[in-house]
Amino acid sequence: MIADVVAVVLLLAVAAYACAGGTDYGAGFWDLLAGGARRGRRPRWLIDHAMAPVWEVNNVWLVFVLVIMWTGFPVLFQRLCQSMWLPLALAAVGIVLRGAGFALRKPAQRLAGRRLYGAVFAVSSLVTPFFLGVAAGGVASGRVTAEADPSAHAWAHPTPVLFGLLAVTTTALLGAVFLAADARRFDAPDLAGYFRRRALAALGCVAVLAVSTLATTRDDAPHVWHGLTHGAGLVFVAAAAVSTLATVWLLVRGASPGAWSRGSAVVVVASAVIAWGMAQRPYLVPTTLTVSEGAGADSTLRWLGLVTLVAVVLVVPAVVLLYRLDTRGELESLTDADLRRGAADEG
Amino acid sequence: MHSTLQALADAPAQLLPARSLMAFTLASHIVLVPLGVALPLITLVLHGYGLRRGDRTALLLARRWSAVMAVQFAIGVVTGTVLSFEFGLLWPGLMGRWGDVFGIGFGVEAWAFFLEAVLIAIYLYGWRRLPARTHFLLALPLPAAALLGAFGILAANSWMNTPRGFRLDSAGNPVDVKIWKAVFTPMFGPQYWHFVVAMLVTAGYVVAGVYAAGWLRGRRDRYHRLGFTVPFTVAAALTPVQFVLGDSIARKVFHEQPVKFAAMEIVWTTGAHMPEYLFGRLHPDGSISGGIRIPQLDSVLAGFSTDTRVTGLTSVPANARPTATQATIAHWAFDIMVGIGSLLVVLALWYALVWLRRRRLPASAWFYRCAAVAGVASVVAVESGWITTEVGRQPWIVYENMRVAEAVTSTRSTSLWIMFALVVVVYVCVFASFLAVLLTMRTRWRLADEEDGRTGRAGSPRQTPESGLPYGPRPAVPSGAPPPEDQP
C-alpha cells in the first residue's frame, strides 16, 4: 500500500522533472539551433534571460527522483544503474558540461570562449535528455534486469532509442513554447513568432515519434503497450492527445495569453509520463520487478512519505513564490552601481 | 607487504578506478561545500548589519558575496548531481542492499537542497525590486536550509561509520528497519557538529583571507576592514569550539570504531601506556619509522589516563582492517588536520588578545599574512578530515557489514578508467573556469571601486562589474537589431 503511494510520488517527481528540466533542456536545444553568432544572438539572449533565475531549481528535481528511487526502491536503482550504466554515465557527464557551460558562458569575454562554452552547453542539452530517455526506455521495455551486465548493450534497442529521441523532441517542444511566451513577456514580438513556429514543428515531431514509439512497444514492450491502450493508461494517452491539439490551437491562434499554451504543453508531457507509469502497473520494471518486490522496508517508505509531505508543505510555497516573482518581473538583481553610489558618498 | 599484496590480489579490478573516481569527485565537491553551507550565514550577518545601520559599504559587500555564493552554488549543484549518479553507477551493491536503511537522510537533503536553490534564486534576483526588509526576511531561512542539507548527508555518512537501525535475516539482508535509529547513530552527533563548525570556520577564514591579502597590498579602507572583520570574527570565535568538538569526535571514534582509531593513531598492538606518534610511517610488520614519538600520550588522549587500553590494528584479522599504507594515509591526514586546527587556535587567540587589550585589529603584517594563509589551510584541514574518516574506515563501506569490494559495480575496469579520465579533464576545466570567474569578478569590482574613488561617483549602470556573470543583472532583450560592437 505505502509502496504504491511512494511509487506514485516517484512518478510525479519524474513528470515534474520531465516538465521543469525538459523546459530547461529545450532552451539549450534551441540555443544549439539558433545559428551563427550573429543570427543567433537575439534568441540566445532571450534564452539566457529567461532561464537565469530558475534553471537550478528546474534541475534539482532530478536529485529528488534519484533519492526516492534508491531510498524507496533500492533494487530498482541497483538494476537500473547496472544495466543502463553507459547511458546514465554519459547523462551524468552531460549534466556537468551543461551546468558549467551555462554558468560560465556569460563571463567569457572573447567570442571564441563564448562560442566554446555555448556549444558545450547546447550539445549537452541534447545529449543529457537523450540518454536519460534511453534509460527510461530500458525500464519500459523490461531490459532493466538483475542479469543485464553493464557492458552488455541492453539499451541499444528500438524502444530505448525511441524514448531517447522522444525525450529530446519533448524538451524542444517545452523550450519553444515557454520561450515564445517569455518573448512576449519581455517585449520581443518577433521572437514570439520565431519560437511559436519552432514549437509547432517540435509538436509535429513529438506526435510522429509518440505514435511510432507506441507502435514499437506493441512488439518490444507488450505489457506497456497493453497498459497504454487500456484503462487508466488510455485515459492519460487521450489527455495527452487532447492537450496536444489544444496546444496546436493556442499556438496557431497566437494572440492568446502565453500562459495558456505553456499550461497545455506541460499537460501534454505530464500526461504522457503518467500514462507510461500507469501502463507499467503493477510493475516497476515490466514483468520482472513489481512495485511490492522492489520496495524498500515499510518503515522507510512511511518515513519517506512523511518527509515528502513535510517538504511539500515547505517547498511548494517557495517554488510558487519563485515562479510568481519571476513572472511578475520582481526578480531583477541590483546593479553594483546602485550600491557603489552610496558607498562612494560615504567616503 | 604481504597483506597489502594479498588485499590487492583479492580486490576486483573495478575497485581501484571506482574508488579513485569517487574520491576525486568527492574531494572536488567538498571544496565548494564550506561556501555553500556557511557563506549564506556570513553574508546575512553583514546584510543585516548593513540594513540596521544603513551602511552602504556593508550592503555592497553582502551583495558581492551573494554573487560569489551564486557561482559556487551553480557549480555545487552539478558536482552534487554527479555524486548522486555515482552512488548507483559505482556502488550498486551498497545502494541495492542498504538504500532503504540509510537513504532517508538523502531524502531530507534533497528537499533541503531544493529549498536552498529556490531561496538563493530569490535572494540573488530580489535585490532591486523587492522591498529591502522583505528581501532580507526571505533570505533568512537560507542558512537553516543549508544546515538541513548537511544534516541529511552527515546522517548517511555517520550511518556508514556506525550502522544501526536494522537486523540481518538468515540471508544476511537487512530487515526490521528502524529509521530513527538509522539516522541518529552514535557517530551522527559528533560528526554533524564537527562538520557544521568546520564549514563556518573554513568559509570565514577563506573570505577573510581575501581581504587580508588586500590589506597586505595596502588597501586599508573601510570596505576591506569590514570585509575582513566580520568573517574573521565568526571564524575566530568558532575555532576554539571546533577544537573541543574535534577532541570529542576523536574520543567517540575510539569507543565506536576502535580499529579506525588505531589506524588514525597507527597503533599496532592492543595495550595500555600507548605512545603518540606525530606523523611517522607504519610498516606491514607493525614497525614505525620516522615521526616524533611522545610516550604515554595516546592513552592519555584516548581516556585521560596512561592506563587506558588502546585497541591495536592486530586485534582484527588483516582483511578486516586498513592496510599499513591506508593506516599511514589516515594517520597523516589526521595529524595534518589537528596541526592546522591548533595553529588556527593560536591565530584566533592572537586576534582575541589584541582586541581585548587595545580594542582594534592587530597591526602586524605577520598577522595578516597568517590570516591570508588561514583560508587555504582550513580548506586543507577539511580535505584531511574527510580523508581521515573515509580511509580510516577501510576496507568497509558499511563498517563491519559490507566491504567496499562487495559494493563495487561489475562494469569493466577499462570503462571506469576512461570515465575517470573524462571526469578529471572536465572537472579541471570546470574548476579552472570557476576560479577564473571569481578572479574576474574581483578585478572588475576593484577597478569599479578605483574609478569611483577617482571620479567621486559611480559608473554607468549599463556597464556593471557583474553584467557578464552567471547571476549578474539580466540584460534587457533588445527588440531591434543586435548592437554592432559585439558582432564577429
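Chains A and B, in that order, give the protein sequences. The first sequence runs contiguously to residue 347 in my numbering. The second sequence runs contiguously to residue 1488 in my numbering. In this text, a Cβ means the ideal position worked out from N, Cα and C, and glycines have one as well.
#### Entry: Where Gly1312(B) falls: helix, strand or coil (DSSP)
In this structure, DSSP gives Gly1312(B) a state outside helix and strand, which the three-state scheme calls coil.
### Message
Suppose contacts are defined by Cβ-Cβ distances below 8 Å. Is Pro1317(B) in contact with Ala1330(B) by that definition?
### Response
Pairing Pro1317(B) with Ala1330(B) gives a Cβ-Cβ distance that is not under 8 Å.
### Query
Among the residues of its own chain, which have a CB less than 7 Å from the CB of Asp4(A), if the five just before and after it don't count?
Hits under 7 Å: Val291.
### Query
Since Trp225(A) is in the beta strand (DSSP E), which residue starts that stretch and which ends it?
Segment 222-228 is the alpha helix (DSSP H) holding Trp225(A); no beta strand (DSSP E) there.
### Task
Could you tell me the boundaries of the beta strand (DSSP E) in which Ile1292(B) lies?
Judged by DSSP secondary structure, Ile1292(B) falls within the beta strand (DSSP E) whose first and last residues are 1292-1294.
### Task
Using beta-carbon positions only, say whether Val14(A) and Val65(A) come within less than 8 Å of one another.
Yes, Cβ-Cβ distance for Val14(A) and Val65(A) is below 8 Å.
### Query
Going by alpha carbons, who is nearest to Pro1231(B) out of Gly1204(B), Thr1239(B), Val1408(B)?
Selected option, being the one with the closest Cα: Gly1204(B).
### Message
Any beta carbon of chain B sitting closer than 8 Å to that of Gly71(A)?
### Response
Looking at the sequence shown, residue 71(A) is not Gly but Thr. Chain B, which has a Cβ nearer than 8 Å to the Cβ of Thr71(A), makes this yes.
#### Entry: Nearest neighbour of Gly1103(B), chosen from Leu1147(B), Val1118(B), Arg1164(B), Thr1043(B) [CA to CA]
Nearest of Leu1147(B), Val1118(B), Arg1164(B), Thr1043(B) to Gly1103(B), Cα basis: Arg1164(B).
### Query
Which value, in whole angstroms, describes the spacing of the CA atoms of Pro282(A) and Trp1268(B)?
Answer to the nearest angstrom: the Cα atoms are 55 Å apart.
### Message
Please list the terminal residues of the continuous beta strand (DSSP E) segment that includes Glu1276(B).
### Response
Looking at the DSSP string, the run of the beta strand (DSSP E) that includes Glu1276(B) is 1276-1278.
### Task
Look up Gly1048(B) in the DSSP assignment and give the residues it is bridged to.
None; Gly1048(B) has no bridge partner.
### Task
Find the residues of chain B that neighbour Val139(A), judging by a C-beta separation of less than 9 Å, and give them in chain order.
Those do not exist, as Val139(A) stays about 14 Å from chain B at its closest Cβ, beyond 9 Å.
### Query
Name the DSSP bridge partner or partners of Ser1378(B)?
Answer by DSSP bridge pairing: none, since Ser1378(B) is not bridged.
### Segment limits, alpha helix (DSSP H) that includes Tyr1125(B)
Run containing Tyr1125(B): 1104-1125, per the alpha helix (DSSP H) assignment.
### Task
Give the interface partners of Ile1336(B) over in chain A, defined as CB-CB distance under 8 Å, in chain order.
Chain A residues near Ile1336(B): none, gap ~29 Å exceeds 8 Å.
### Spatially closest choice to Ser1069(B) from Arg1053(B), Leu1032(B), Gly1093(B), by CA coordinates
Note on residue identity: the sequence assigns Met, not Ser, to residue 1069(B). Residue nearest to Met1069(B) within the set Arg1053(B), Leu1032(B), Gly1093(B) is Leu1032(B) (criterion: CA-CA distance).
#### Entry: Contact list for Gly1149(B) against chain A, beta-carbon separation under 9 Å
Think of a sphere of 9 Å around the beta carbon of Gly1149(B): no beta carbon from chain A falls inside it, the nearest being about 11 Å out.
### Message
Considering only DSSP beta bridges, list what Ile1288(B) is partnered with.
### Response
In DSSP, Ile1288(B) forms a bridge with Leu1282(B).
### Query
Can you give the Cα-Cα distance for Val1408(B) and Trp85(A), rounded to whole angstroms?
The C-alpha of Trp85(A) is placed about 13 Å away from the C-alpha of Val1408(B).
### Query
Between the Cα of Val1300(B) and the Cα atoms of Ala1327(B), Arg1293(B), Thr1308(B), which residue gives the shortest distance?
Sorting Ala1327(B), Arg1293(B), Thr1308(B) by C-alpha distance to the C-alpha of Val1300(B) places Thr1308(B) at the top.
### Task
Under 6 Å Cβ to Cβ from Leu251(A), same chain only, skipping five residues before and after it: list those, please.
For Leu251(A), where only same-chain residues beyond five positions count, the Cβ hits under 6 Å are Arg196, Ala199, Leu200, Ser261.
### Query
Going by C-alpha distance, which of Ala1333(B), Ala1448(B), Met1419(B) is nearest Val1391(B)?
Nearest of Ala1333(B), Ala1448(B), Met1419(B) to Val1391(B), Cα basis: Ala1333(B).
### Task
Compile a chain-ordered list of the residues in the segment 1064-1095 of chain B whose CB is closer than 8 Å to at least one CB of chain A.
For the segment 1064-1095 of chain B, the beta-carbon criterion of a distance under 8 Å to any beta-carbon of chain A is satisfied by Arg1064, Val1071, Phe1073, Ala1074, Ile1075, Val1077, Val1078, Thr1079, Gly1080, Thr1081, Val1082, Ser1084, Phe1085, Glu1086, Phe1087, Gly1088, Leu1089, Pro1092, Gly1093, Met1095.
### Task
Could you tell me which residues DSSP pairs with Arg1537(B) in its beta bridges?
Outside the displayed span of chain B (1001 to 1488) sits residue 1537(B), for which this structure offers no information.
#### Entry: Where Val1175(B) falls: helix, strand or coil (DSSP)
Here Val1175(B) sits in strand by DSSP.
### Message
Can you pull the chain A neighbours of Gly1036(B), defined as C-beta to C-beta under 7 Å?
### Response
Ordered by position in chain A, no residue passes the 7 Å Cβ test against Gly1036(B), which lies about 12 Å from the chain.
### Message
Is there a Cβ of chain B sitting closer than 8 Å to that of Ala16(A), yes or no?
### Response
With 8 Å as the cut-off, Ala16(A) does not count as an interface residue toward chain B.
### Task
In angstroms with no decimal places, state the Cα-to-Cα distance between Ser1020(B) and Thr1079(B).
Rounded to whole angstroms, Ser1020(B) and Thr1079(B) show a C-alpha spacing of 16 Å.
### Task
Return helix, strand or coil for Gly355(A), following the three-state DSSP convention.
It is not possible to answer for residue 355(A), since the shown part of chain A is limited to 1 through 347.
### Task
Taking Val285(A) as part of the alpha helix (DSSP H), name the residues at either end of that continuous run.
Careful: Val285(A) lies outside any alpha helix (DSSP H), inside the beta strand (DSSP E) at 283-285.
### Message
Taking CB distances under 8 Å as the criterion, tell me whether Thr171(A) reaches chain B.
### Response
No, Thr171(A) lies away from the interface with chain B (no Cβ there is under 8 Å from its Cβ).
### Query
Which residues in chain B sit within 8 Å of Gln280(A), going by Cβ to Cβ distance?
Neighbours of Gln280(A) on chain B: none; closest Cβ ~20 Å, over 8 Å.
### Message
Going by DSSP in three states, Thr1325(B) sits in which element: helix, strand or coil?
### Response
The answer is helix: DSSP assigns Thr1325(B) an H, G or I state.
#### Entry: Residue-chain proximity (Ala297(A), chain B), Cβ-Cβ < 8 Å
With 8 Å as the cut-off, Ala297(A) counts as an interface residue toward chain B.
### Message
My assumption, with CB atoms under 8 Å, is that Ser299(A) sits in contact with Ser271(A). Please give the rounded CB distance.
### Response
Actually they are not in contact, since the Cβ atoms of Ser299(A) and Ser271(A) sit about 33 Å apart, beyond 8 Å.
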